[in-house]
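J.: Encoded as structure tokens, here's the structure I'll be asking about.
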Amino acid sequence: MTTRTAVITGASSGIGAATARQLAAAGFRVVLTARREDRIRELAAELSDAGHEASAYALDVTDRAAVDAFAADVVRYGPVHVLINNAGGALGAETVATADPADWRAMYEVNVLGVLNVTQALLPALTASGDGTVLVLSSTAGLATYEGGGGYVAAKHGAHVIAETLRLELCGTPVRVIEIAPGMVRTEEFASTRFRGDAAKAAAVYQGVAEPLVAEDIADTITWAVTRPSHVNVDLLVVRPRAQASNYKVHRES
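Residue numbering for the sequence shown follows our numbering, beginning at 3 and increasing consecutively.
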């Protein structure tokens, strides 16, 4: 295929980094963005050394001015065909009664407004490509709630609504909107960040689960979805490990 360009937010680790590797292997030119410039530069160098086209841009998706500047710069190098809205995360597991509003605000900023910022900034380029894809990585938290997850659930519901609404609004344009909603995924940082570096609490999330999903599983799903023929739209794909039947029903081995 003609080389296509994919922008990936939150590409410094976990699902974002795995997606960058898999899209590069699938023939995409990948543009890596994240706040941690050293990590995305290292990943871009790794991909370049393997013969792939990759570039790195330090970016905080919650900074609209920075996002607009990034978008203006990246389009100078050619069309943008795919946007992977992956940047996000959870903070805390307190109840609604005890949660820190600052945590909720931070989660909303990155999971909802971050998606909005980058999507708005790149949508003209995606449309101009004649065959664009916006992918929102939400979560099963965006579809059903659970105790201790109020802030994250609310934020991911917001991300889900962006995808759902944007699909309606772009109907008839050459841009499709895909939502991937993962369940339990064990990455090196997600649970640790949520529990503020408490290794015991982070490990307990996956305790007894023989095979939780890993970043590569979600990257594989994303790559499959965005490489479907242009007329095929994967509106919403929920992917969980076999051991997880819902957000709160998980088989754990003793």
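Glycine residues also receive a C-beta, built at the ideal position from the N, C-alpha and C atoms. Remember, predicted model here, so these are calculated numbers, not experimental data.
Does DSSP put ASP237 in a helix, a strand or coil?
T.: Three-state DSSP puts ASP237 in coil, outside helix and strand.
J.: Quick check on DSSP: helix, strand or coil for SER256?
T.: coil
J.: At the level of alpha carbons, what is the spacing between TRP106 and ILE164?
T.: Going by the C-alpha atoms only, they are around 18 Å apart.
J.: CB-CB under 8 Å to VAL98, same chain, minus the five flanking residues each way: which ones, in chain order?
T.: GLY152
J.: Where do the ends of the beta strand (DSSP E) carrying PRO214 lie?
T.: No beta strand (DSSP E) contains PRO214, which DSSP labels as neither H nor E.
J.: Can you tell me whether VAL187 is helix, strand or coil according to DSSP?
T.: The three-state reading of DSSP puts VAL187 in strand, counting E and B together.
J.: Keeping to the same chain, check which residues put their C-beta closer than 8 Å to that of MET3; ignore five residues upstream and five downstream.
T.: Because MET3 sits at a pLDDT of 48, beneath the cut-off of 50, its placement in the model cannot be relied upon, and the point is left open.
J.: Between VAL77, PHE192, PHE197, ALA92, which has its C-alpha nearest VAL33's C-alpha?
T.: VAL77
J.: Would LEU215 and MET186 qualify as a contact pair, given that the criterion is a beta-carbon distance under 8 Å?
T.: yes
J.: Here's the rule I'm using: 16 or more other beta-carbon atoms within 10 Å means buried, otherwise exposed. How should ARG198 be labelled?
T.: exposed
J.: Write down every uninterrupted run of the beta strand (DSSP E) in the segment 72-101 whose length is 3 residues or greater and which is fully enclosed by it, in chain order.
T.: Taken in chain order, the whole beta strand (DSSP E) runs of length 3 or more contained in the segment 72-101 are 84-87.
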